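Residue numbers (the working numbering): 12 to 684.
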C-alpha cells in the first residue's frame, strides 16, 4: 500500500491484487518499473510485486504490459475479498491483505492489515502512490530548466572564449568595441621613434665631442703620439720616461697658449686646479738578476707632488728634471698624472639646443707592472656633463627645449595608457583562464592542459608592457638630461633603444592577424623550443673548443689571448670570416703546438660549418615547411580550440553583445523556477 497525495485533501490509496494460477505456491514474480516522484526522485525499496508508473491522471497503470480494456459486459468480476474503488477496477479490500509492511509517503513503515494466508500465496500485489499532475509538471519544468541552463552556460562560455581570441577587427564587428590598443600602439611607435631619433642626434653630438677632445688631449700631452688602430703607445728607456712626464707638465702649464679649443683649468674658488704626479712602488726591494737573487717587500707606497699652472714653472735641463723627480725603476709600478680641464660644447646651438658644459678628468698612466722593459702609456678621459651656470643665447632655443620636454611628457602619458590597457587585458585573460578551468572541471570532469592554459596569457602584451616600462624610465632620464640634472647618456640610450626595439617587435602581432604575413611569426614560435634545445647541445661543444683554444693556443696566437677573444674568433670562423688570417697568424715556435692548431681549427670549422650550422638551418626549414602544410590543410586543434569551434556564430551575427541579456534571463528563469 502506498500513500500519496492527489489533488484532494485526503490521501489516495491504490491497491491491486492479481491471481496467477501459473505461479506455484510460495513463489511470485518481482519487478521494479516505477519511481515515485514528488518534487524530487524517490525510490521505493522493500516493496513486493510489480510497481507501476504514475500517469498524468493521478492513476497508476500496470507496466511493462499494457492494460487491457474490457467492455462493461465482458469485464471480469472482482476477486473475492476485493472492493471496487473508482472506474470499476478490482481493488483489494484492506481486511484481506493480512499483515503487510507498507511504506508511507515519507519512507516510514505504516501499520499492517490482517489478511488470510491463503489469499496471499497466489496473489501479486501492486502498491503505488498517485502523484498529481501539478507535481509531475513541476518536476519536468525543473528538469528542463536545469538542462537549458547548462546548455546556455556552455554556449555562453564558448562565445566568451571565441570573443577573447578574436582580432581587433572581429571584436569591432562583434560588439562595436573600438580597437583602442591598436590605435595607441601605432601612436606610441610613431612617438617613441621620433623621440629616439631626436635623442640620437643629440647623443651623436655628445659622443663626437667626447671622442674629438680625447684625441686632441692625446696629441697635446703625449709626446710623439700618432693615431693608431691598436692604440699601443710605449717607451723603452729611462730618458724617454722622464721626457714624456715633463713634456706633459709643460703642455699643461702652457695649455691656454697652445690649445686651439676652448679648454680651461678648473677653478676652485680663487685658485686653479693643480696637476698631481704620483708614483706607486714597492716599499723596499733589491733585485740582482745576474745572481738570480732578489729581496723585495710587496707593500705598495704612493708618493705625489703637485704642479700649479698659475705659478711660474721653469723646467730647465733634463738633469734638473731628474733631481726634482726621482724614479727607482726596479721598484716602480705605475706613474699617474691627474688633472682636470673644462670646456663648452657650442655645436649644439646650431641644432636648437642649449650648450653643455663639460668637465674632463684626465689621467696619463705609465704602466711598469710587468717590469719587462716596456712601459705602456695610456690616457683616460672621464667626462661629466653639467649645466652651465650663467648663459645667454639669443633666439628661441629655450622655447624649443620646453617643447621637447612637453613632447617627452606626452610620450610618458601615452606609454602609461598603453601599460594600463595591456595590463588590464592580461588580468582579464588570467581571469578567463581560471573560469574556463573551473568550468571544464565541473562540466566535463577533466583537467585543462598546460598548453591550453598558457594560451590565455598573451606574450605580446607582456612584451608591450616591458617596452612601456622601459620607455617611461628612459623618457624620465631624457628629461633630466635636457634639464642638465643628469649626464647618463649611456643608460638613457640603452633604455630608449631597447624599448623602441620591443615596440616595433610588438607591432608584428597585428601583422600576424593576416594569413599572408604571419608565416615568419608562426615559424619562429614553432621552432623556438627546438632551437633552444639544439643550441644548448651545440653550446657544450662550442665551450669545449673555447677553453681548449685559450689554454693551448693563447701563448702563440693573438686572437686566443683571452676567453672573450677566443669566443669572438671562433664565432667569426663559423660565419666564414677571417679564416686565412687566423691560420697565418699562428706562431711556429713550437711544431707540436702548430700541428695541434691545425687539427683544432680544421676540426672546429668542419664540425660547425658542415654539420652544426647545416642542421640548424635544416631545423628552421623543416618547421617552415610544416607551417606551410598546416596553412593549407589546417592546424592541429587542441581541446580549447575544439571546444570553441562548436560555436558557429560569426562576429557580425549580433550574438556576442547578448551576454548580459543572457545572464539576466537565466537569473529570472532560476528565480521563477
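Here a beta-carbon is modelled for each residue, glycine too, at the ideal position from N, C-alpha and C.
From a predicted model like this one, the values you see are computed outputs, not experimental measurements.
Given residue i as reference, the closest of the options once Cα atoms are compared
i           : options            : result
residue 597 : 367, 255, 308, 608 : 608
residue 416 : 489, 459, 395, 580 : 489
residue 207 : 344, 481, 277, 431 : 481
residue 250 : 373, 492, 385, 605 : 385
residue 556 : 447, 613, 601, 472 : 613
residue 360 : 484, 636, 585, 412 : 412
residue 321 : 370, 263, 227      : 263
residue 431 : 554, 479, 594, 419 : 479
residue 581 : 180, 561, 599, 463 : 561
residue 319 : 341, 265, 310, 381 : 265
residue 591 : 644, 570, 604, 576 : 570
With 16 other Cβ atoms within 10 Å as the buried cut-off, status of residue i
i           : result
residue 568 : buried
residue 317 : exposed
residue 201 : exposed
residue 391 : exposed
residue 485 : buried
residue 547 : exposed
residue 162 : exposed
residue 554 : exposed
residue 185 : buried
residue 664 : exposed
residue 524 : exposed
residue 170 : buried
Backbone secondary structure at residue i - three-state DSSP
i           : result
residue 295 : strand
residue 621 : helix
residue 347 : strand
residue 27  : Reliability fails at residue 27, whose pLDDT of 39 lies under 50, so the model's placement of it is uncertain and no value is given.
residue 557 : helix
residue 566 : coil
residue 546 : helix
residue 213 : helix
residue 366 : coil
residue 94  : Here the model assigns residue 94 a pLDDT of 41, short of 50, so the residue's position is not dependable and the matter cannot be decided.
residue 527 : coil
residue 244 : strand
residue 310 : strand
residue 342 : coil
residue 659 : coil
residue 358 : helix
residue 290 : strand
residue 515 : helix
residue 251 : helix
residue 577 : helix
residue 426 : helix
residue 318 : strand
Cβ shell of residue i (< 6 Å), same chain only, five flanking positions each side left out
i           : result
residue 11  : Look at the range of the chain in this structure, 12 to 684, and you will see that residue 11 is not part of it.
residue 313 : 289, 291
residue 423 : 483, 486
residue 511 : 203, 207
Contact check, residue i vs residue j, beta carbons under 8 Å
i           : j           : result
residue 467 : residue 443 : yes
residue 270 : residue 350 : no
residue 164 : residue 655 : no
residue 260 : residue 346 : no
residue 355 : residue 368 : yes
residue 177 : residue 662 : yes
residue 276 : residue 352 : yes
residue 536 : residue 642 : no
residue 496 : residue 396 : no
residue 584 : residue 616 : yes
residue 638 : residue 533 : yes
residue 418 : residue 168 : no
residue 514 : residue 203 : yes
residue 375 : residue 232 : yes
residue 286 : residue 348 : yes
7 Å Cβ shell around residue i - same chain, five flanking residues per side excluded
i           : result
residue 236 : 229, 230, 244
residue 258 : 234
residue 577 : 557, 560, 561, 571
residue 521 : 193
residue 565 : 571, 572
residue 199 : 425, 426, 429, 514
Residue i beta carbon near the ligand GDP (any heavy atom closer than 7 Å)
i           : result
residue 519 : By its list of ligands, the structure shown contains no ligand whatsoever, and the ligand GDP lies outside what it can speak to.
Cβ-based neighbour list, residue i, same chain, cut-off 8 Å, excluding 5 preceding and 5 following
i           : result
residue 166 : 658
residue 305 : 296, 297, 298, 299
residue 452 : 458, 459
residue 247 : 384, 385, 386
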